[in-house]
Amino acid sequence: MTSPNPVLTRPAPIPATSASSASSAGAAAGPAHTPLGPPRVRVRELSVRYAPDAPLVLDRVDLELHPGETVGLLGSSGSGKSTLMKSLTGFTPITSGTVTIDGADVADLTGRGLRQLRSNIGQVFQQFNLIGRLSVLTNVLLGSLHHAGPLNRFGTFRAADRQRAYELLERVGIADKALDEARQLSGGQQQRVAIARALMQKPRCILADEPVASLDPRTSHTVLHLLQSIARDEQVPVLVSLHVLPLALEHSDRVIGLREGRVLIRGRTADMDAEALSAVYDHDHEEERA
Ligand SMILES: Nc1ncnc2c1ncn2[C@@H]1O[C@H](COP(=O)(O)OP(=O)(O)OP(=O)(O)O)[C@@H](O)[C@H]1O
Ligand SMILES: [Mg+2]
Numbered sequence: 001m002t003s004p005n006p007v008l009t010r011p012a013p014i015p016a017t018s019a020s021s022a023s024s025a026g027a028a029a030g031p032a033h034t035p036l037g038p039p040r041v042r043v044r045e046l047s048v049r050y051a052p053d054a055p056l057v058l059d060r061v062d063l064e065l066h067p068g069e070t071v072g073l074l075g076s077s078g079s080g081k082s083t084l085m086k087s088l089t090g091f092t093p094i095t096s097g098t099v100t101i102d103g104a105d106v107a108d109l110t111g112r113g114l115r116q117l118r119s120n121i122g123q124v125f126q127q128f129n130l131i132g133r134l135s136v137l138t139n140v141l142l143g144s145l146h147h148a149g150p151l152n153r154f155g156t157f158r159a160a161d162r163q164r165a166y167e168l169l170e171r172v173g174i175a176d177k178a179l180d181e182a183r184q185l186s187g188g189q190q191q192r193v194a195i196a197r198a199l200m201q202k203p204r205c206i207l208a209d210e211p212v213a214s215l216d217p218r219t220s221h222t223v224l225h226l227l228q229s230i231a232r233d234e235q236v237p238v239l240v241s242l243h244v245l246p247l248a249l250e251h252s253d254r255v256i257g258l259r260e261g262r263v264l265i266r267g268r269t270a271d272m273d274a275e276a277l278s279a280v281y282d283h284d285h286e287e288e289r290a
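Residue numbers (full-length UniProt numbering): 1 to 290.
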């Protein structure tokens, strides 16, 4: 007789805490957040070029991310949004300026230090990046592989991690799909799995690079609402790049708009003038007219 596969055994449901039940996927995100305490991520005068004789892709960019806030990163294609995000995980060359996370200078990190940094940053991508033939629960558990020693002596995930993965699936509203293959889920559901996987890392910040670009408008709202409520409840900063202005205005506490690698506009979403903000895309229209 074979014993049941621990990964595929559904753990007992966990009673929702007041924080998680108040912030389930459908609940309101609550009042605007006022950041407290020092920034967890600090970008100062960051300039990036990919090759010595190439043009600057980022030009003296400043950015701070505080626990609990969601910052919308706007800009047309090629403006440098992904480059800025990759600079936070040490994947881009820093030409000048500094990037610090929890006080650690990313440019100083190598080997183990860099791996540690990356394990502390949850990432969410446009294409979800799930392993389709594995169960939803296992995909979430893969987030724990960033940290050392996730497997027990039988080479399976530890019971406590499976319990936590299930709890996170409840948090993102799809615990009933835990044992389904990831490829059987809709795009919006898959993105929820990716968010749960990022949370499995117990991240110090979350980077979401165009997380709703493949989703329909209604699902986009739900996923962004979820990210913003996670930022508040877990007190983890979320940086989210978006192409659609109304989505950014509705689901970010602050926005920063890049144009050709420079910060063109920044401020609290509540104070933003949508027309001024649309200037980050103006040159697209100029190109179209040309
Ligand atoms: N690895 C790389 N090597 C050389 N140039 C790069 C590299 N990655 C990005 N670039 C260039 O840097 C610029 C900014 O690219 P980036 O991907 O950051 O823009 P983006 O704002 O994320 O665009 P999109 O909205 O299309 O995703 C572009 O001109 C791009 O060609
Ligand atoms: Mg990009």
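All C-beta atoms in this analysis are idealised placements derived from N, C-alpha and C, irrespective of residue type, glycine included.
Per the coordinates, the alpha-carbon of alanine 231 lies some 24 Å from the alpha-carbon of phenylalanine 91.
Here DSSP, grouped into helix, strand and coil, assigns glutamate 260 to coil.
Here the alpha carbon of glycine 173 sits roughly 10 Å from the alpha carbon of alanine 196. The beta carbon of glycine 122 is closer than 6 Å to those of Ala198, Gln201, Pro203, Ile206 in its chain, skipping five residues each way along the sequence. Looking at Gly68, Pro211, Tyr50, the one whose alpha-carbon comes closest to that of serine 96 is Tyr50.
Residue nearest to serine 119 within the set Leu56, Leu73, Leu88, Gly72 is Leu88 (criterion: CA-CA distance). In the structure shown, the three-state DSSP call for aspartate 59 is strand. Close to ligand 1, as judged by a C-beta nearer than 6 Å to any of its heavy atoms, are the residues Tyr50, Val57, Gly75, Ser77, Gly78, Ser79, Gly80, Lys81, Ser82, Thr83, in chain order.
Taking 8 Å as the cut-off, the beta carbon of leucine 258 is found no closer than this to the beta carbon of valine 236. The alpha-carbon of methionine 85 is positioned some 12 Å away from that of proline 93. Distance from the CA of aspartate 273 to the CA of leucine 74, rounded to the nearest whole angstrom, comes to 14 Å.
Taking 7 Å as the cut-off, one finds at least one heavy atom of ligand 2 near enough to the beta carbon of aspartate 209. The stretch 53-62 makes no contact with the stretch 237-253: fewer than 3 CB pairs, one atom from each, lie closer than 8 Å.
Scanning its chain for C-beta atoms nearer than 7 Å, with the 5 sequence neighbours on each side dropped, one finds around proline 39 the residues Glu64, Leu65, His66, in chain order. Taking 4 residues as the minimum length, the alpha helix (DSSP H) runs contained wholly in the stretch 80-164 are 81-88, 111-119, 136-141, in order along the chain.
One Cα belongs to serine 77, the other to threonine 83, and the distance between them is close to 11 Å.
Sorting Gln184, Phe125, Asp108, Thr100 by C-alpha distance to the C-alpha of arginine 133 places Gln184 at the top. Around the CB of glutamate 45, fewer than 16 other CB atoms lie within 10 Å, so the residue is classed as exposed. For glutamate 64, the pairing in a beta bridge is given by DSSP as Arg42. Alanine 208 is bridged by DSSP to Val124, Val240. Restricting attention to Gln127, Arg266, Leu117, Gly80, the CA atom closest to the CA of alanine 194 is found in Gln127.
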